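Residue numbers (my numbering): -15 to 397.
Reviewing the structure listed below.
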Ligand SMILES: Cc1cc2nc3c(=O)[nH]c(=O)nc-3n(C[C@H](O)[C@H](O)[C@H](O)COP(=O)(O)OP(=O)(O)OC[C@H]3O[C@@H](n4cnc5c(N)ncnc54)[C@H](O)[C@@H]3O)c2cc1C
């Protein structure tokens, strides 16, 4: 059994710790924060086998350019000649084509279905009550154009065996009879599920700490020593850590940590916002994706969580109230009885989706550092893919056959 140092305590780091600990390894997790509000806490909590189309897809570039000119739009890229953004943009353009989408669909679906199964297994364990619900997700639209796009997506979904149905507005109303819905129709992705991200994260933390896994908060990795192809030491200020194997699971901060060990990880932070409101009547049971507005609405913790926007920019602490207003204003257009209030700035959560240029996560052993496994770049699917990634990391480290083929996700692809 090995000593393993995991850098990053998001869903990917903690899931890796969970499966490695179960295999009997000795684990330490380092995180720069308190592990209470990273990207794995405030997200929409959707488990998404329906998301088999990577962000880099045909039409995204034209759509993205249209959105750039609207202050309340759900997507924004800060124009910049920063080499990291230029490199990311170039790779994104290279992958925004039909060939890439069709090559990625099956691997993404398999990874998501594996993760859903692992969430279902986790939910049976004592202490893991995290509101897992398997009602699917309704991808709702109001316009002909979005209806066409969703019908096309649904056709591709059917071809690769994703369980879904195209519903009329009335059929949607029958699924949630107490909810006032004003839409043209929806695709019901029935393999999808949802849960409460903070409950998952806290259950993992509590299980790991009770099991003797060292979780070191406020331990920011500041320097890494290498010798030949190996990592030899990791520093958090004046403390030094040594291990047999290392896992890089620092989400949007991964390029900076990778640089400390002289390797490259190409990803950009994609900032998104969320806020929650109580909903005493709890009329919504199935989460909704509002297609035109790109907003996600999830019943959670007895209330409703609203989330959305994707701002590709450097990591920063600004809260763009115009974009939050865009989320607020979109909701009653689909649900006339839901009127979320514009939250105070300090009550708005934001997180950074670690977005790889080709829209696929990086999972696998580094080809440049023998004792490093990379697990990052999960973009808008990281919560969904956390357990599958953690389990694959444990199989890679223990030199076992992986549950699924990871060729499409190798960091060296
Ligand atoms: C608005 C929004 C909605 C979303 N909805 C969904 C959804 O419904 N379903 C879904 O699947 N995904 C969703 N996502 C995406 C998902 O939240 C992320 O992909 C996922 O949380 C990333 O997890 P992670 O473990 O890679 O990174 P993180 O959760 O960001 O964790 C990385 C950790 O690394 C630590 N770290 C960074 N630098 C250092 C350092 N130098 N030293 C030590 N530690 C360090 C950080 O403190 C952090 O705790 C959403 C994201 C957003 C923003």
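No residue lacks a Cβ here, since even glycine has one placed at the ideal position from N, Cα and C.
Bear in mind that the values here come from a model prediction, so they are computed numbers and not experimental data.
Item                                                                                                                         : Value
Own chain, CB closer than 7 Å to residue -13, minus 5 neighbours either side, in chain order                                 : 10, 227 and 228
Same chain only: Cβ atoms within 7 Å of residue 190, ignoring 5 sequence neighbours per side                                 : 111
Residue from 168, 91, 352 and 307 whose Cα sits closest to the Cα of residue 388                                             : 91
Rounded C-alpha distance that separates residue 79 from residue 393                                                          : 14 Å
Burial state of residue 134 (16 or more Cβ within 10 Å)                                                                      : buried
Same chain, Cβ closer than 6 Å to residue 16, five either side skipped, listed in chain order                                : 204
Ligand 1 heavy atom lying under 7 Å from the CB of residue 79                                                                : no
Inter-residue spacing [alpha-carbon to alpha-carbon] between residue 56 and residue 130                                      : 19 Å
Cβ-heavy atom distance, residue 33 to ligand 1, below 7 Å                                                                    : no
Between the CA atoms of residue -7 and residue 19 - distance to the nearest angstrom                                         : 6 Å
Residue burial classification, residue 310 (beta-carbon count within 10 angstroms, cutoff 16)                                : buried
Nearest-angstrom Cβ-Cβ length linking residue -5 and residue 367, presumed shorter than 8 Å                                  : 6 Å
Of the residues 380, 316, 375 and 178, the one placed nearest residue 163, counting alpha carbons only                       : 316
Sub-8 Å separation of residue 397 and residue 245 beta-carbons                                                               : no
Under the three-state DSSP convention, the category residue 249 falls into                                                   : coil
Beta-bridge pairing of residue 337 - partner residues as DSSP gives them                                                     : 254
Spatially closest choice to residue -15 from -3, 6 and -2, by CA coordinates                                                 : 6
Which of helix, strand or coil DSSP assigns to residue 403                                                                   : Not covered by the structure: residue 403. The range shown for the chain is -15 to 397.
Residue 351: CB within 7 Å of a non-hydrogen atom of ligand 1                                                                : no
Where residue 64 falls, given that 16 or more other Cβ within 10 Å makes a residue buried                                    : exposed
Closer than 7 Å: residue 161 CB and nearest ligand 1 heavy atom                                                              : no
Residue environment, residue 127, which counts as buried when at least 16 other CB atoms sit within 10 Å                     : exposed
8 Å Cβ cutoff met for residue 38 and residue 321                                                                             : no
Runs of beta strand (DSSP E) wholly within the segment 306 to 383 (minimum 3 residues, chain order)                          : 333 to 340, 346 to 349 and 356 to 360
Residues of its chain near residue 173, where Cβ-Cβ distance is below 6 Å and the 5 sequence neighbours each way are ignored : 34, 120, 121 and 148
For residue 107, the nearest candidate out of 187, 72, 248 and 132 (CA to CA)                                                : 187
Supposed contact pair residue 102 and residue 382 - C-beta distance, whole angstroms, cut 8 Å                                : About 16 Å; that fails the 8 Å criterion.
Classification of residue 94 by the beta-carbon crowding that lies within 10 angstroms, buried from 16 upward                : buried
Rounded straight-line distance, which links the Cα of residue 253 to that of residue 88                                      : 21 Å
Residue 378 to residue 180 span [Cα, whole Å]                                                                                : 24 Å
Beta carbon of residue 200 nearer than 8 Å to that of residue 13                                                             : yes
CA nearest to the CA of residue 82, picked from 113, 69 and 36                                                               : 36
Distance, residue 175 Cα to residue 143 Cα                                                                                   : 15 Å
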